[in-house]
DNA sequence: CGCACGCCTTGATTTACATCAAACTTCCGA
DNA sequence: TCGGAAGTTTGATGTAAATCAAGGCGTGCG
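Chains as they are written, first to last, in this note's numbering: chain A, 42 to 272; chain B, 42 to 272.
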């Protein structure tokens, strides 16, 4: 069946499953289900129990929580090839975030029985899973550090630098991975503040903003730009 | 040898290793080393590579980072029976925090070879390790939520409620697990602000503060106390 | 074409919390 | 016992970023 083959290939192409044997991929494919979401659709609410996790095939999913006052904080934006929900699956506790499609999306849902079987079979897979969670943990620690001891300008700069990756060439063209108010929330600031910061960085000649496209004019200067200089 | 037996029993008493077989415990004990720290001593700096992780036997270790401006943010306070460094070990990347003893402490250092052997031997152990990391992850997510969408008063209240646990009886005696400026940093606020918040909660009759001892007078009222009422 | 709805920007004002500064406790070591 | 450093409290002031409030600007739809 064409569909199963597709799922198998998809799974095999993910970093996490890269080194799994064919038979194990087949096992995973057997327990995997496809899920389609249209833009804006909620996948599951905060508090849900999962007995599996999701891999994004196409589109974009946001993980977020909302306060009693109706405010919303984006924890993470998950794109193709990335996964989410593993921790909740292993923990067997309610999920601390809700998840919503930012665009029409296709996901795979992989039931835990498949993962547990793979762990039992192949302890190298277990190690990779552990390393994967560890990296997630590290990212969260980085976020906490960011929010705790860096100004909003510094957070925006850090975000831009991370988007830029580590290119040799100086002027880099970036495309924002989501609308500005989503980015703002991800960075723990209001859309107004993000707008002002981008404006101010533009004025200083460090970047140029055109809609969702941002050109970084000088990586070096951006890196050492500590905070707003007085005019 | 008495020492080895001690280490074995110690390890066997930890939740993580609870269900391991004797032979595996022995293996772990063989690669475990004891570490003693006196109060204030740095265990390792931010950026260190670990090829093992630590279990606190006695005392208290703080995990923290410091900003270029010399400010310091406490990420976590680790006490007896708890562990840290697993994620860094699995990831094989520099540790994002530095670690310092808050009191004279005794730790065990467990080299990764022991853990990897246990994972290879016993996939249930691998699962428990995965669940352990997942819980850590969840805690961090909770912190991010806290910092992002709750006021400082709410964070203090949440902290007190967590310390209190879930007792039936209403007036609860708490002992702060560290000095107030450490607690303040853990909650992402200054000692001054923490002091003022505790004062204000006292004035409202919700708690009574006596040095490092805090009596929660009404759990129910504390829970629904949204924020500072105007006088 | 135009107009209307999201999305973003810009400006004025507010505010929660940090910072600075000084007194007051606590506790430990000489 | 005393002295002093570290921890904590209290008050006065400062400020980064949020909030409130309009006003542009694309972009898709009638």
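Each residue gets a CB set at the ideal place from its N, CA and C atoms; glycine is no exception.
- Taking 7 Å as the Cβ-Cβ cut-off, the stretch 89 to 111 of chain A approaches chain B at 106 and 108, given in chain order.
- Taking a cut-off of 8 Å on C-beta distances, the stretch 107 to 122 of chain B does not touch the stretch 151 to 165 of chain A, as fewer than three cross pairs fall below it.
- Residue-level contact check: residue 157/B touches chain A, since one or more beta carbons of chain A fall below 9 Å from its beta carbon.
- Here residue 239/A has 250 as same chain residues with Cβ atoms under 6 Å from its own Cβ, once five neighbours each way along the sequence are excluded.
- In this structure, residue 259/B lies near residue 212/B, with their beta-carbon atoms less than 9 Å apart.
- Straight through space, the alpha carbons of residue 255/A and residue 217/A are spaced by roughly 7 Å.
- A distance below 9 Å separates the beta carbons of residue 175/A and residue 174/B.
- CA-CA distance, residue 138/A to residue 144/A, rounds to 18 Å.
- Chain-order list of chain A residues neighbouring residue 177/B: 178, by C-beta distance under 7 Å.
- Sequence-distant partners of residue 88/A (beyond 5 residues in either direction) whose C-beta falls short of 6 Å from its own C-beta, in its chain, are 135.
- The C-beta of residue 214/A comes no closer than 9 Å to any C-beta of chain B.
- Sequence-distant partners of residue 77/A (beyond 5 residues in either direction) whose C-beta falls short of 6 Å from its own C-beta, in its chain, are 147.
- Contact with chain A is absent for residue 139/B, since none of that chain's Cβ atoms lies less than 9 Å from the residue's Cβ.
- Across the structure, residue 170/A and residue 73/A are spaced so that their CA atoms are roughly 17 Å apart.
- Residue pairing of residue 87/B in beta bridges, as defined by DSSP: absent, with no partner found.
- At the C-beta level, residue 163/B and residue 61/B come within 9 Å of one another.
- Contact annotation for residue 118/A against chain B: no contact, minimum CB-CB distance about 14 Å [criterion: below 7 Å].
- Counting C-beta atoms within 10 angstroms of its own C-beta, residue 86/A has fewer than 16 neighbours from the protein chains shown and is therefore classed as exposed.
- At a Cβ-Cβ threshold of 9 Å, residue 198/A and residue 69/A do not count as neighbours.
- For residue 213/B, the pairing in a beta bridge is given by DSSP as 257/B.
- Neighbours of residue 160/B in chain A, taken as residues at a C-beta separation under 7 Å, are given in chain order as 164, 167 and 168.
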